[in-house]
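Engineer:
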Amino acid sequence: MRLRLVALIVLAAMVVGAVVTAAFGSDNSRPDGVLIEWIPNDAGSPMLTTTSTPAGTPEPQPSVDITGLAFPIEDGCLPDDDNLMPGAPREYRGGTHEGVDVYDSDNCAYVGLDTEVVAMKSGIVVRADWGHVELTAAMLVELEAIIEESGGSPEVEDAFRGRQVWIEHADGTVTRYAHLEDIAEDVDVGVAVAQGEHIGYVGDSGTPESVTEPGTQVHLHFEIRIGESYLGAGLDAAASRALYQAAFSP
306 MRLRLVALIV LAAMVVGAVV TAAFGSDNSR PDGVLIEWIP NDAGSPMLTT
356 TSTPAGTPEP QPSVDITGLA FPIEDGCLPD DDNLMPGAPR EYRGGTHEGV
406 DVYDSDNCAY VGLDTEVVAM KSGIVVRADW GHVELTAAML VELEAIIEES
456 GGSPEVEDAF RGRQVWIEHA DGTVTRYAHL EDIAEDVDVG VAVAQGEHIG
506 YVGDSGTPES VTEPGTQVHL HFEIRIGESY LGAGLDAAAS RALYQAAFSP
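Residues 306 to 555 in the numbering used here are what the sequence shown lists, from first letter to last.
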């Protein structure tokens with residue numbers, strides 16, 4: 306099985322409104338114009354595929370005052386370990402951690418496969434991976450080969466986030482919820498969700514350990530995205546932590 310990166314450039318002269326549908330009938334399109342999916346090749350083995358559409362020039366992102374968020378796990382809290390916070394290195398995928406990892410071993414609340422994940426803020430679902438293809442040993446080998454050859458990439462990083470839900474909010478921010486075991490029944494692209502509404506369940510999808518040591522990396526990874534970046538980007542651990550503490554303050 307050989308990993309292929311498929312990029313479909315949509316010309317300006319083409320009719321606006323082309324619809325891209327994931328292999329299993331779900332809409333996995335992202336706000337940044339990239340569709341991530343594993344599809345069967347001629348031999349029936351999954352391949353990582355990305356479909357890119359041209360994005361317009363992004364408008365300058367205004368300063369956003371992020372406060373009053375609900376923690377995505379009831380009674381949960383930020384981890385003490387800075388390695389679980391934004392900015393920590395992630396050598397296995399050649400990248401940097403862009404969110405917060407919530408593990409049972411370093412949190413105020415129980416975190417397991419049956420733990421519900423809730424929306425941090427009201428908004429519109431812009432991604433719900435109903436067609437997610439679970440990582441396999443062969444896929445993991447391919448991803449590791451890409452990292453060894455050329456380093457990380459947005460596509461590789463996205464594959465390692467596993468099953469996801471993304472919510473866009475009125476202030477332009479987007480919250481991401483990753484490694485989900487499952488998605489709540491009524492959550493789908495275009496659906497409005499309220500702050501604190503159940504959107505999925507904690508899992509380990511997309512982690513290398515979901516293949517090599519299933520059940521050992523059960524946790525929620527969540528991100529707060531501002532434009533093309535993430536809350537805490539470029540800051541040291543203390544400054545990043547202060548931003549997240551403020552975000553979950555009333």
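In this text, a Cβ means the ideal position worked out from N, Cα and C, and glycines have one as well.
So, do the region 483-497 and the region 449-461 have three or more beta carbon pairs nearer to each other than 8 Å?
Structural biologist: The region 483-497, when compared against the region 449-461, does not touch it at the 8 Å Cβ threshold.
Engineer: Ordered along the chain, which non-local residues of its own chain (more than five positions away) have a Cβ less than 6 Å from that of GLN522?
Structural biologist: Here residue 522 corresponds to residue number 217 of the sequence shown, with the count starting at 1. Once the five neighbours on either side are set aside, the close Cβ partners of GLN522 are ASP509, THR512 and GLU514.
Engineer: So does the region 437-455 actually touch the region 528-536, counting three or more Cβ pairs closer than 8 Å?
Structural biologist: Segments in contact, no.
Engineer: Using three-state DSSP, classify VAL430 as helix, strand or coil.
Structural biologist: As a working note, residue 430 is residue 125 in the sequence shown. Here VAL430 sits in strand by DSSP.
Engineer: Determine the closest residue to SER427 out of THR441, ILE504, VAL498 and ASP409, with distance taken between C-alpha atoms.
Structural biologist: Within the sequence shown, residue 427 is the residue found at index 122, counting from 1. Ranking the options by Cα distance to SER427, first place goes to VAL498.
Engineer: Classify TRP388 as buried or exposed, calling it buried when 16 or more other Cβ atoms lie within 10 Å of its own Cβ.
Structural biologist: Indexing the sequence shown from 1 puts residue 388 at position 83. The displayed chain sequence assigns Asn, not Trp, to residue 388. By the neighbour-count rule (16 or more Cβ atoms within 10 Å), ASN388 is not buried but exposed.
Engineer: Quick check on the DSSP output: the beta strand (DSSP E) that includes LEU525 runs from which residue to which?
Structural biologist: Walking along the sequence shown from the start, residue 525 turns up at place 220. Looking at the DSSP string, the run of the beta strand (DSSP E) that includes LEU525 is 525-531.
Engineer: Suppose only complete runs of 3+ residues qualify. What are the beta strand (DSSP E) ranges in the region 436-519, listed by chain order?
Structural biologist: 470-473, 479-483 and 503-506
Engineer: Only counting the same chain, and skipping five residues up and downstream in sequence, which positions put a Cβ closer than 8 Å to that of VAL416?
Structural biologist: Residue numbering aside, residue 416 sits at position 111 when the sequence shown is read from its first letter. Excluding residues within five positions, the ones whose Cβ falls inside 8 Å are ILE378, GLY381, VAL407, TYR408, ASP409, VAL507, VAL523, HIS524 and LEU525.
Engineer: Assuming VAL551 is part of the alpha helix (DSSP H), what are its boundary residues?
Structural biologist: The sequence position of residue 551 within the sequence shown is 246, counting from 1. Rather than Val, the amino acid found at residue 551 in this sequence is Ala. Here the alpha helix (DSSP H) through ALA551 covers 542-552.
Engineer: State yes or no: is the C-beta of ARG504 within less than 9 Å of the C-beta of VAL422?
Structural biologist: On the sequence shown, residue 504 is found 199 positions in, with the first residue counted as 1. On the sequence shown, residue 422 is found 117 positions in, with the first residue counted as 1. First, the amino acid is wrong: residue 504 is Ile here, not Arg. In contact: ILE504 and VAL422 (Cβ atoms closer than 9 Å).
Engineer: Helix, strand or coil for ASP386? Go by DSSP, reduced to three states.
Structural biologist: By one-based count along the sequence shown, residue 386 stands at place 81. Of the three classes helix, strand and coil, the one that applies to ASP386 here is coil, per DSSP.
Engineer: Measure from the alpha carbon of ALA443 to the alpha carbon of each residue in THR517, GLY539 and ILE429, then state which is nearest.
Structural biologist: As a first step, residue 443 is located in the sequence shown; it is residue number 138 there, counting from the start. Minimum Cα distance to ALA443 is reached at THR517.
Engineer: I'd like to know whether the C-beta atoms of VAL479 and VAL431 end up nearer to each other than 9 Å.
Structural biologist: For this step, residue 479 is matched to residue 174 along the sequence shown. For this step, residue 431 is matched to residue 126 along the sequence shown. Taking 9 Å as the Cβ cut-off, VAL479 and VAL431 qualify as a contacting pair.
Engineer: May I ask which residues mark the beginning and end of the beta strand (DSSP E) holding VAL369?
Structural biologist: Within the sequence shown, residue 369 is the residue found at index 64, counting from 1. Counting along the chain, VAL369 falls outside any beta strand (DSSP E), and DSSP gives it neither H nor E.
Engineer: With a cut-off of 8 Å on the beta carbons, I'd call ALA552 and ILE371 a contact; round off their distance for me.
Structural biologist: Locating residue 552 in the sequence shown gives position 247, counting from the first residue. Locating residue 371 in the sequence shown gives position 66, counting from the first residue. Sure, about 5 Å apart at Cβ, within 8 Å.
Engineer: Could you tell me which residues DSSP puts in a beta bridge with VAL422?
Structural biologist: As a first step, residue 422 is located in the sequence shown; it is residue number 117 there, counting from the start. Answer is GLY505, bridged to VAL422.
Engineer: Going by alpha carbons, who is nearest to GLY477 out of ARG546, ASN412 and LEU536?
Structural biologist: As a first step, residue 477 is located in the sequence shown; it is residue number 172 there, counting from the start. The shortest C-alpha separation from GLY477 is found at LEU536.
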